[in-house]
Each structure stands twice: as structure tokens, then as C-alpha cells.
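These notes concern the structure reproduced below.
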Amino acid sequence: MEDSSKSELIEEKELANGIRLSFFNESKIMTGDRWLIKLKCLAQLPVTDDDFASLPQDDPDLLQYLREKFAGNLSFSTVRERIFVDETEQEQVFSELLKTFLESTLDYLA
Numbered sequence: 358m359e360d361s362s363k364s365e366l367i368e369e370k371e372l373a374n375g376i377r378l379s380f381f382n383e384s385k386i387m388t389g390d391r392w393l394i395k396l397k398c399l400a401q402l403p404v405t406d407d408d409f410a411s412l413p414q415d416d417p418d419l420l421q422y423l424r425e426k427f428a429g430n431l432s433f434s435t436v437r438e439r440i441f442v443d444e445t446e447q448e449q450v451f452s453e454l455l456k457t458f459l460e461s462t463l464d465y466l467a
């Protein structure tokens, strides 16, 4: 049986506010001709030293911890899934998951 559990980058978008969106297809075969259709969305926002300038500067240990914790970016990921999808419908279902995510979330992130 073919390994179908790979993560495939399918699209990237850079929003005007600096957020970089990456979309991954992590779909895999479940059994026979049935699939788990999985869309992973990753949002990354660059974090620079300027972003820490507005924070209180009286706790240098906390500031250092935050700089190390975020390591240059703040990330958020979410997953959309459909289970037990017929093999012949996998591309259509994945496209619908992506379209629905973009319609419902893109304006919020932008």
C-alpha cells in the first residue's frame, strides 16, 4: 500500500498585515477506497524587537523569555477534516474545505 500520510504544501499567501498563510494537504487513505481528507492551515506572523518596545521594560528576564519563546514569529494552526470520503470525491471535498476556510477566516486574519 502506498504511503499517503505525507504533508503537501499546496498554497501560500502573504496578507497585507504581514501574516503568512500556508495550506497543507495531509489527506490519507483510511481503508479500501475511503479517505480522511485533512486540510492544515498555518498562519505565521513575524515578531521583531520593535514589537516588544511597547511592553513594560522593567522585567528583562520576561522580555528575554518572550523573545526566545516566539523565536521570530507567532504561529497558529488549525485543521479541517472530513472522514470516510469516497476516493472519487477526495479532490472535490478538499477544495470545498479550502474554499470554506478562506471564505470564513481570511477576512478575520487580514
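Under the numbering used here, the first residue of the sequence shown is numbered 358, with each subsequent residue one higher.
Beta carbons are placed, not taken as given, at the ideal position from N, Cα and C, and that holds for glycine.
Computed from a prediction, not measured in an experiment: that's the story for all the values here.
Spanning the alpha carbons of V442 and I394 requires a straight line of approximately 7 Å. Looking at the backbone, the Cα of T457 and that of C398 are separated by about 12 Å. Taking all protein chains shown into account, Q447 has 16 or more neighbouring C-beta atoms within 10 Å of its C-beta and is therefore buried.
Taking C-beta atoms under 8 Å as the contact rule, P403 and N430 qualify, at a distance of about 5 Å. Restricted to the region 388-414, the alpha helix (DSSP H) segments that are unbroken, complete and at least 4 residues in length are 406-409, listed in chain order. For E444, the secondary structure class from DSSP, reduced to helix, strand or coil, is helix.
Sorting N374, S384, T435 by C-alpha distance to the C-alpha of Q449 places S384 at the top.
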